[in-house]
Amino acid sequence: LGVSCTRATDCVAVGIGVTGVGVNTTLIEQRQGARWALVGHPNPKPSRGGVLLGVACAVPTECVAVGYNFPTVSAQATLVEQQSR
176 LGVSCTRATD CVAVGIGVTG VGVNTTLIEQ RQGARWALVG HPNPKPSRGG
226 VLLGVACAVP TECVAVGYNF PTVSAQATLV EQQSR
């Protein structure tokens with residue numbers, strides 16, 4: 176749902192991944208050169224799913240993503256993930 180590029184060939188994309196029936200998880204992918212690859216990252220625990228809505232990278236090695244997750248069935252919490260690559 177969000178993409179940030181510091182160069183034409185160096186981008187980070189965030190959004191929603193699906194891990195099971197009705198269960199969403201945060202998703203981060205990185206493009207370096209001509210290929211996109213999944214980026215491993217921790218999902219908050221406990222969590223009943225989540226989504227990342229936007230990402231900003233000031234430099235190629237520092238990005239911040241924002242979104243929300245569901246710590247319980249009836250609650251929604253703000254989620255901020257920072258990554259150094």
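Read in order, the letters of the sequence shown correspond to residues 176 to 260 in the numbering used here.
Yeah, the Cβ is synthetic: ideal placement off N, Cα and C, and Gly gets one too.
Problem set entry | Closest Cα partner of Gly-208 within the set Val-187, Pro-246 and Pro-219 | Val-187
Problem set entry | Proximity winner among Ser-249, Leu-228, Gln-205 and Ile-191, relative to Ala-183 (alpha-carbon distances) | Gln-205
Exercise. So Arg-244 is in the beta strand (DSSP E); what residue range does that whole segment cover?
Worked result: Inspection of the sequence shows that residue 244 is occupied by Asn rather than by Arg. Element bounds for Asn-244: 237-247.
Problem set entry | Supposed close pair Gly-190, Leu-227 - CB separation, criterion 8 Å | 6 Å
Problem set entry | Selection from Val-239, Gly-192 and Trp-211 that minimises the alpha carbon distance to Ser-259 | Val-239
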